[in-house]
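> Residue numbers (my numbering): 12 to 360.
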Ligand SMILES: Cc1ncc(C[n+]2csc(CCOP(=O)(O)OP(=O)(O)O)c2C)c(N)n1
Ligand SMILES: [Mg+2]
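Printed below as a string of structure tokens:
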């Protein structure tokens, strides 16, 4: 496996990437704010779904917040991301509007896709969110295509795609990585290895020890990162961004992480013990990404715990506002049904 940076910690099978660089207070606090926004957003989604306020699926990102937030903090607004069915965390990490996101989940006209897409279709080109998708691995070629556009247009934006350990076995994923490497495209493949695809452990489906090992076959760097550590994700992505923007081509980042909740809302009926032990969940909860970042911020003297709590309160208030906005927005009219099916416009950076 090609390594970037310094490998400083080894715990059991896991190898953590963390360089000893200084990160500005602004970046640390931005990451904390966005992680709190995702955590409160997802907790609220679970609550209102339980109360029957919206229908359909929703896949909580709780426990994985550091992956998208650390990665997006290393990118510009004009860089693009694409994501998957676990679809709220990536856009919020890139700066999505919480009210429009919540209204979309509620299926309302003021949502990102006028209420016609739902939870798995949040997109906002103005901050580089190309969109999420419920078709596993389908966003990998989309982000690769955006990177090809950058190259063909001679622009300096880059793209990144978030996909799961399950998606990493899909053909579309391998084809994209191969072509991206051949054409040296400015794309970052970020595999969120949260250990399971619904109820199947990645150890039963991935032939390599680590998904990042596969990078070697595509002649690109493969980096194994502690996905619970926002700073490690940020540092790994900074290097990948630099490589992409300077024309050196793609990087595969495997973020080791864990989903604290069940695969999707509505699937709570799956008995956890049928595929994972409670003790495993408890063990991972000890490495809650928010706790890790707050500890780092407080112990490094960057900010006080009270300041961190204030950021949480502010994020919570923004989520409450978003829910009120969604509740008050009307459902789309029937006349909207066949509108917005096709677009002749490409997003322009
Ligand atoms: C092409 C395709 N096959 C199957 C499914 C059903 N499905 C939805 S999510 C999922 C598991 C995905 O696992 P992973 O990629 O690890 O992402 P995670 O849910 O763990 O974040 C499956 C099989 C689908 N949506 N699309
Ligand atoms: Mg998974």
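Note that CB positions come from ideal geometry on N, CA and C, so glycine has one too.
Tell me which residues share the same chain as residue 342 and place their Cβ nearer than 8 Å to its Cβ, disregarding the 5 neighbours each side in the sequence.
Once the five neighbours on either side are set aside, the close Cβ partners of residue 342 are 118, 119, 120, 126.
> Using 8 Å as the threshold, is the stretch 163-180 in touch with the stretch 92-107, meaning 3 or more CB pairs across them?
Yes, since at least three Cβ pairs between the stretch 163-180 and the stretch 92-107 fall closer than 8 Å, the two stretches touch.
> Taking DSSP's pairing of strands, which residues face residue 237 in a bridge?
267, per the DSSP bridge assignment.
> Following the continuous beta strand (DSSP E) through residue 172, name the residue where it begins and the one where it ends.
Start and end: 170-175.
> Assuming residue 72 and residue 99 form a contact by the criterion Cβ under 8 Å, report the distance between their Cβ atoms to the nearest whole angstrom.
The Cβ separation is near 6 Å, so the contact holds.
> Which residues bound the alpha helix (DSSP H) around residue 184?
Counting along the chain, the alpha helix (DSSP H) containing residue 184 begins and ends at 182-193.
> Work out the CA separation of residue 275 and residue 349 for me, nearest whole Å.
Approximately 29 Å, taken between the alpha carbons.
> Quick one: using the 10 Å Cβ neighbour count with 16 as the cut-off for buried, is residue 239 buried or exposed?
Buried, since its Cβ has 16 or more Cβ neighbours within 10 Å.
> Taking the alpha carbon of residue 130 as the point to measure from, which residue in 139, 265, 144 has its own alpha carbon closest?
Among 139, 265, 144, the Cα nearest to that of residue 130 is on 144.
> Can you give, in chain order, each stretch of the alpha helix (DSSP H) that sits fully within the stretch 274-354 and has at least 4 residues?
Entirely contained in the stretch 274-354, the alpha helix (DSSP H) runs reaching 4 residues are, in chain order, 289-296, 300-310, 316-339.
> How is residue 229 classed by DSSP in three states: helix, strand or coil?
Residue state, collapsed to three classes: helix.
> Can you round the beta-carbon distance between residue 267 and residue 204 to whole angstroms, since I take them to be within the 8 Å contact cut?
Indeed they touch by this definition, with Cβ atoms about 6 Å apart.
> Have a look at residue 269 and residue 216 and give me their C-alpha separation to the nearest angstrom.
Cα-Cα distance, rounded: 17 Å.
> Could you tell me the distance, in whole angstroms, from the CA atom of residue 245 to the CA atom of residue 345?
About 44 Å.
> For residue 252 and residue 292, which I take to be in contact (beta-carbon distance under 8 Å), what is that distance rounded to the nearest angstrom?
The pair is not a contact, with the Cβ atoms about 33 Å apart (cut-off 8 Å).
> Quick check: does the Cβ of residue 238 come within less than 7 Å of any heavy atom belonging to ligand 2?
No - ligand 2 has no heavy atom lying nearer than 7 Å to the Cβ of residue 238.
> Please report the distance separating the alpha-carbon of residue 108 from that of residue 142.
Spanning the two alpha carbons is a distance of roughly 14 Å.
> Give the range of the alpha helix (DSSP H) segment to which residue 163 is assigned.
Start and end: 150-164.
> In this structure, does DSSP put residue 251 in helix, strand or coil?
Of the three classes helix, strand and coil, the one that applies to residue 251 here is helix, per DSSP.
> In angstroms, rounded to a whole number, what distance separates the CA positions of residue 300 and residue 75?
Near 7 Å, if we compare the C-alpha coordinates of residue 75 and residue 300.
> Tell me which residue opens and which closes the alpha helix (DSSP H) that residue 143 is part of.
Per DSSP, residue 143 belongs to no alpha helix (DSSP H) and is neither H nor E.
> Less than 8 Å between the CB atoms is what I'm expecting for residue 309 and residue 319, so what's the real figure, rounded?
Sure, about 7 Å apart at Cβ, within 8 Å.
> Check residue 60 in the structure and name its three-state DSSP category.
DSSP places residue 60 in helix when its eight states are reduced to three.
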